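Take the sequence shown: its letter number 58 is residue 58 in full-length UniProt numbering, and every next letter is one higher.
Every residue, glycine too, gets a C-beta built ideally from N, C-alpha and C.
Remember, it's a predicted structure, so these values are computed and weren't measured experimentally.
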Amino acid sequence: MENCGFATALKAIEGKWKVDILCELGRAARRFGRLRRSIPAVSEKMLAQQLRELEADGLVDRTVHAGQPAKVVYSLTERGAALNVAAAALCRWGEAAERTADRSSAVAPDAVVA
């Protein structure tokens, strides 16, 4: 699997809250407070850190709208949206694996959903 890109994809989503953040932003662009309320278990500090990392990786766009106070909106970049599509396939695989594990305690080879 060397140089197949899988490790790069995993690195992009490593972090306890990145998948949740990407899923939320896949639904719609969000302000920080709304994003924080949609993922209640994440602290403000951790959410800010994960958003900065996702922005640095080119997956999330941070747009500041003028005003008092300034309005900051987070959204997925084209690259972030493409990653969400790939992550959805992994989610389907995981759900199939969980169902199979519930029935037989092992993932059947045909449990992979494309």
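message = Determine whether the beta carbon atoms of A9 and L59 lie at a separation below 8 Å.
response = 8 Å or more divides the Cβ of A9 from the Cβ of L59.
inquiry  = Between which residues of its own chain and K71 is the CB-CB distance below 8 Å, once the five residues before and five after are set aside?
reply    = Closer than 8 Å at Cβ, skipping near neighbours: R31, V64 and H65.
inquiry  = So the candidates are E44, R99 and L54; which of them puts its Cα closest to the Cα of G80?
reply    = Considering only alpha carbons, the answer is L54.
request  = My understanding is that S75 touches L22, with C-beta atoms under 8 Å, so please give their C-beta distance in whole angstroms.
outcome  = Their Cβ separation, rounded to whole angstroms, is 11 Å, which puts S75 and L22 out of contact at 8 Å.
message = I'd like the list of long-range same chain contacts for V19, defined as Cβ closer than 8 Å, with 5 residues on each side in sequence excluded.
response = Correct list, in chain order: I13 and A87.
key: Coarse secondary structure for L59, derived from DSSP in three states   = Coil at L59, not helix or strand.
query = How is the alpha helix (DSSP H) around V72 delimited, first residue to last?
reply = Unbroken run through V72 is the beta strand (DSSP E), K71 to L76; no alpha helix (DSSP H).
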